[in-house]
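Report on the structure given below.
There are 4 protein chains.
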Amino acid sequence: MTSNQKYGAGIWHFATYVDRYATDGYGEPRSVIDAIDIAGQVRDLSVVDLNYPYFGGEFSNEQVKEALDRNNLGVIGITPEMYTREFAKGAFTNPDPGVRRRANELINEAADVVRFFGADYVKLWPGQDGWDYPFQVDHGALWKNSLDGVGQLASENPDLKFVIEYKPREPRVHMSFDSVSRTLLGIEKIGLPNVGILLDFGHALFGGSRRRIRPSSPSTTGACSAWT
Amino acid sequence: MTSNQKYGAGIWHFATYVDRYATDGYGEPRSVIDAIDIAGQVRDLSVVDLNYPYFGGEFSNEQVKEALDRNNLGVIGITPEMYTREFAKGAFTNPDPGVRRRANELINEAADVVRFFGADYVKLWPGQDGWDYPFQVDHGALWKNSLDGVGQLASENPDLKFVIEYKPREPRVHMSFDSVSRTLLGIEKIGLPNVGILLDFGHALFGGSRRRIRPSSPSTTGACSAWT
Amino acid sequence: MTSNQKYGAGIWHFATYVDRYATDGYGEPRSVIDAIDIAGQVRDLSVVDLNYPYFGGEFSNEQVKEALDRNNLGVIGITPEMYTREFAKGAFTNPDPGVRRRANELINEAADVVRFFGADYVKLWPGQDGWDYPFQVDHGALWKNSLDGVGQLASENPDLKFVIEYKPREPRVHMSFDSVSRTLLGIEKIGLPNVGILLDFGHALFGGSRRRIRPSSPSTTGACSAWT
Amino acid sequence: MTSNQKYGAGIWHFATYVDRYATDGYGEPRSVIDAIDIAGQVRDLSVVDLNYPYFGGEFSNEQVKEALDRNNLGVIGITPEMYTREFAKGAFTNPDPGVRRRANELINEAADVVRFFGADYVKLWPGQDGWDYPFQVDHGALWKNSLDGVGQLASENPDLKFVIEYKPREPRVHMSFDSVSRTLLGIEKIGLPNVGILLDFGHALFGGSRRRIRPSSPSTTGACSAWT
Numbered sequence: 197m198t199s200n201q202k203y204g205a206g207i208w209h210f211a212t213y214v215d216r217y218a219t220d221g222y223g224e225p226r227s228v229i230d231a232i233d234i235a236g237q238v239r240d241l242s243v244v245d246l247n248y249p250y251f252g253g254e255f256s257n258e259q260v261k262e263a264l265d266r267n268n269l270g271v272i273g274i275t276p277e278m279y280t281r282e283f284a285k286g287a288f289t290n291p292d293p294g295v296r297r298r299a300n301e302l303i304n305e306a307a308d309v310v311r312f313f314g315a316d317y318v319k320l321w322p323g324q325d326g327w328d329y330p331f332q333v334d335h336g337a338l339w340k341n342s343l344d345g346v347g348q349l350a351s352e353n354p355d356l357k358f359v360i361e362y363k364p365r366e367p368r369v370h371m372s373f374d375s376v377s378r379t380l381l382g383i384e385k386i387g388l389p390n391v392g393i394l395l396d397f398g399h400a401l402f403g404g405s406r407r408r409i410r411p412s413s414p415s416t417t418g419a420c421s422a423w424t
Numbered sequence: 197m198t199s200n201q202k203y204g205a206g207i208w209h210f211a212t213y214v215d216r217y218a219t220d221g222y223g224e225p226r227s228v229i230d231a232i233d234i235a236g237q238v239r240d241l242s243v244v245d246l247n248y249p250y251f252g253g254e255f256s257n258e259q260v261k262e263a264l265d266r267n268n269l270g271v272i273g274i275t276p277e278m279y280t281r282e283f284a285k286g287a288f289t290n291p292d293p294g295v296r297r298r299a300n301e302l303i304n305e306a307a308d309v310v311r312f313f314g315a316d317y318v319k320l321w322p323g324q325d326g327w328d329y330p331f332q333v334d335h336g337a338l339w340k341n342s343l344d345g346v347g348q349l350a351s352e353n354p355d356l357k358f359v360i361e362y363k364p365r366e367p368r369v370h371m372s373f374d375s376v377s378r379t380l381l382g383i384e385k386i387g388l389p390n391v392g393i394l395l396d397f398g399h400a401l402f403g404g405s406r407r408r409i410r411p412s413s414p415s416t417t418g419a420c421s422a423w424t
Numbered sequence: 197m198t199s200n201q202k203y204g205a206g207i208w209h210f211a212t213y214v215d216r217y218a219t220d221g222y223g224e225p226r227s228v229i230d231a232i233d234i235a236g237q238v239r240d241l242s243v244v245d246l247n248y249p250y251f252g253g254e255f256s257n258e259q260v261k262e263a264l265d266r267n268n269l270g271v272i273g274i275t276p277e278m279y280t281r282e283f284a285k286g287a288f289t290n291p292d293p294g295v296r297r298r299a300n301e302l303i304n305e306a307a308d309v310v311r312f313f314g315a316d317y318v319k320l321w322p323g324q325d326g327w328d329y330p331f332q333v334d335h336g337a338l339w340k341n342s343l344d345g346v347g348q349l350a351s352e353n354p355d356l357k358f359v360i361e362y363k364p365r366e367p368r369v370h371m372s373f374d375s376v377s378r379t380l381l382g383i384e385k386i387g388l389p390n391v392g393i394l395l396d397f398g399h400a401l402f403g404g405s406r407r408r409i410r411p412s413s414p415s416t417t418g419a420c421s422a423w424t
Numbered sequence: 197m198t199s200n201q202k203y204g205a206g207i208w209h210f211a212t213y214v215d216r217y218a219t220d221g222y223g224e225p226r227s228v229i230d231a232i233d234i235a236g237q238v239r240d241l242s243v244v245d246l247n248y249p250y251f252g253g254e255f256s257n258e259q260v261k262e263a264l265d266r267n268n269l270g271v272i273g274i275t276p277e278m279y280t281r282e283f284a285k286g287a288f289t290n291p292d293p294g295v296r297r298r299a300n301e302l303i304n305e306a307a308d309v310v311r312f313f314g315a316d317y318v319k320l321w322p323g324q325d326g327w328d329y330p331f332q333v334d335h336g337a338l339w340k341n342s343l344d345g346v347g348q349l350a351s352e353n354p355d356l357k358f359v360i361e362y363k364p365r366e367p368r369v370h371m372s373f374d375s376v377s378r379t380l381l382g383i384e385k386i387g388l389p390n391v392g393i394l395l396d397f398g399h400a401l402f403g404g405s406r407r408r409i410r411p412s413s414p415s416t417t418g419a420c421s422a423w424t
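Protein chains in written order, with my numbering: chain D, 197 to 424; chain Y, 197 to 424; chain A, 197 to 424; chain E, 197 to 424.
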């Protein structure tokens, strides 16, 4: 008899990190295909979460699928890269409506990749949506844009699930979706059944949560609690 | 023309602290009357928040009122001492139903003191309601008891406001009402119009909130946001 | 064959804590004799560190020894209570020279208790020696008094070891002996062979040390590194 | 009459940052010449600290000097880039002696640039020298290599000053030179008169130092305290 517990990992953990200090990276650059082949060497790994667009070159969904197949890996979710230079001042909350629209387009493309792979969700980590200084932003507008951005996507793609990965801070001093409680408040306000939370255990510890991490967090509706 | 801004302080700031180290206190013990007379020397102080029961002796409401009057001080709220030895394992969430009942009685007595002074609210700081270790408590039961405790009081005293002062931790490693977002989730679940939040600026900073502190925090109902 | 590893505990862990919130304590008060009898029930506990003066009543060294003997416990060190109300503004660094002298007397009495029990050291935790605010203290004078206080004791008692237990903060916002490195700098300046460091693992973690805790920390002389 | 206070800035603050998230940077890439021209627009800025090698292209010392001159800027120090990919496992403490040698060469080249500009110091920020996990490194060897690396440079260049910029962590979980006290212990052990400390105010706050930042930190020799 075998366990039903599946193990997964973000594909970025098999790529090469860059930071403020080692600006040339902590190793040779890798493509998503390289990363999948390395992920395939991890015993018991069943699924990966893929960044979109694919990194390290131009690859079709079919090419990526071929690499996954030869490594016996499935796709649990797609993470659109909504935190790069284009979105440095925010994705859902960018002051420029054109950039907000571009974020919506990018995530809709990621939604199609979810459909292609039959994955479970589009993962939203709006890492540049937040603030750094007191009085820097209009908090009401920021929060409204955060919810509108997620809500519009969930309306446009009722066949898919959208999961928000909260994080207290970094790179912004304060991220808009900063905690499980605040994210649940937002999800209730959005009021759609296909929006949930993805719990990143590291981000939860980062926020001072030395406590339970469990699927059903306190929610007033019950309909919107976390799936993952 | 004068400002409408009023300044207030918790009366405990004018008393003598005890801690784990200076177990004999950081100065001579003081009664609530002593503390009021010292508070009266602070220029521009208009109101105080009083602990109940009164500390440092047996005093009637009338005696306390007399001290307040001679110092030109009003009462903004009453803070029942629901975090002393009797409540070391929790007030609203104590595993012993008898202690939970005793907490309810104590806070109802504090509610009468609010009526006596015509104060604005009963302030709830359930400082021992929380947890210290993983797997120490049943989080569902803890949260339910937290909400039931507040909800029962709000039902029993529809003429009064109850404000919850959240704090991330200390003395418990994690307090049940730990943040503005989580407290708002609870208030929405309670669903009564006379429950709100009291923002302690220090506690907000303690929770990593280097951000706005404003009366209307994100709330799905609008009816339950913070007053103070 | 048995291990040479001995286990010990501060006797205060078997007493009752008081804090700012449960000002009446987290349980019934206990005397040092009660605490020793409870400590005796811990399997594998060989030694205790005793506070001086003895808490919870008037007890002679002989009475305490009798309680220790019937519980098969030895004494590893004595901790003078140099952080109570009398020393609220500092022990070694108190602005009042009379209080500094009183700290010296108290610790010399504790030294005699070390001799009585044949214990290993006098443990110094000058918990109120430090600062809270920028510009509150003359840092040069504070540091000099910290070193003079320890140095005088070590000179007066060349037959005994004095160990400094550093801690980053609490109750002061910043404690004078705040880290292993700073304490070693001080020990080198004192320049006496009977001054060392006692490593409290919790205090080390508190200071952000997720690293080695080992007896020989970086020291330029080698003579003054930690023994415990 | 004018103040003798001079203002300076690291030239990197006028370049474009890259991080783990905006891997394509928070703006268009800039060369050191671009950055100098921007720095020149800051009123009251007199000096800059320059990274070596120069970023954003191949530039001679003369070309850089020309840019500085037209912006009325001097050079206070040179910061060798000893924390890039080549030094990902450490510079002074790299397990590969060839890389340690390469670090020495790079910093000696930086020393020549200090001479070219008549700058005040070579600034050492060995940001990858440290550890991440318990039991990851031999702490004695790490510390010895840290001191040997700095000491060798100071011996080879007795005409120049070398200043160590400590930082508690980031990118490593723990940096070898983590605090002012630990760095002073190292400087005393090195025992050369041309090694000191550069205080980065942000790094000091990062380490929990809400206290004095003053030139003469506690030092047993007096000869090695901080200059800057």
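Cβ atoms here follow ideal geometry from the backbone N, Cα and C, with glycine treated the same way.
Count the other C-beta atoms from every protein chain shown that fall within 10 angstroms of the C-beta of residue i, then say buried if there are 16 or more, exposed otherwise.
i, result
"residue 197 (chain D)", "Residue placement at residue 197 (chain D) cannot be trusted, given a pLDDT of 48 that sits under 50; what the coordinates show is reported in the next sentence. It is exposed - the Cβ of residue 197 (chain D) has fewer than 16 other Cβ atoms within 10 Å."
"residue 412 (chain E)", "Bear in mind that the predicted position of residue 412 (chain E) carries a pLDDT of just 34, short of 50, making it unreliable; the figure below should be weighed with that in mind. Flag for residue 412 (chain E) reads exposed."
"residue 268 (chain Y)", "exposed"
"residue 368 (chain D)", "buried"
"residue 235 (chain A)", "buried"
"residue 294 (chain Y)", "exposed"
"residue 188 (chain E)", "An answer regarding residue 188 (chain E) cannot be provided, because it is not within the stretch 197 to 424 covered by chain E."
"residue 201 (chain Y)", "exposed"
"residue 316 (chain A)", "buried"
Can you confirm whether residue i, when its beta carbon is compared against all beta carbons of chain E, has any partner nearer than 9 Å?
i, result
"residue 280 (chain D)", "yes"
"residue 375 (chain A)", "yes"
"residue 437 (chain A)", "Not covered by the structure: residue 437 (chain A). The range shown for chain A is 197 to 424."
"residue 419 (chain D)", "Because residue 419 (chain D) carries a pLDDT of 27, less than 50, the predicted location of this residue cannot be relied on, and the following value inherits that uncertainty. Output row for residue 419 (chain D): interface = no."
Counting only C-beta atoms, is residue i closer than 9 Å to chain A at any point?
i, result
"residue 332 (chain Y)", "no"
"residue 210 (chain Y)", "no"
"residue 295 (chain Y)", "no"
"residue 361 (chain E)", "no"
Between which two residues does the alpha helix (DSSP H) holding residue i run?
i, result
"residue 384 (chain D)", "376-386"
"residue 206 (chain D)", "Counting along the chain, residue 206 (chain D) falls outside any alpha helix (DSSP H), though it belongs to the beta strand (DSSP E) covering 203-206."
"residue 340 (chain D)", "335-352"
"residue 313 (chain A)", "293-313"
"residue 230 (chain A)", "228-235"
Hey, quick one: how far does the beta strand (DSSP E) through residue i stretch, first residue to last?
i, result
"residue 398 (chain D)", "Residue 398 (chain D) -> not in any beta strand (DSSP E); alpha helix (DSSP H) instead, spanning 397-402."
"residue 393 (chain E)", "391-393"
"residue 245 (chain A)", "241-248"
"residue 270 (chain A)", "270-276"
With DSSP as the reference, identify every bridge partner of residue i, one or two as the case may be.
i, result
"residue 319 (chain E)", "E:359"
"residue 370 (chain A)", "A:327"
So that I know if they touch, is there some Cβ in chain Y lying closer than 9 Å to that of residue i?
i, result
"residue 253 (chain A)", "no"
"residue 381 (chain D)", "yes"
"residue 219 (chain A)", "yes"
"residue 429 (chain D)", "With chain D running from 197 to 424 in the structure shown, residue 429 (chain D) is simply not present."
When you compare each of the options to residue i by their alpha carbons, which one comes out closest?
i, options, result
"residue 284 (chain Y)", "A:207, A:384, A:399, A:212", "A:212"
"residue 286 (chain D)", "D:393, D:398, D:373", "D:373"
"residue 203 (chain Y)", "Y:218, Y:220, Y:242", "Y:242"
"residue 301 (chain A)", "A:317, A:289, A:382, A:278", "A:278"
"residue 364 (chain D)", "D:344, D:273, D:383, D:396", "D:396"
"residue 401 (chain D)", "D:375, D:379, D:388, D:391", "D:375"
"residue 338 (chain Y)", "Y:319, Y:370, Y:308", "Y:370"
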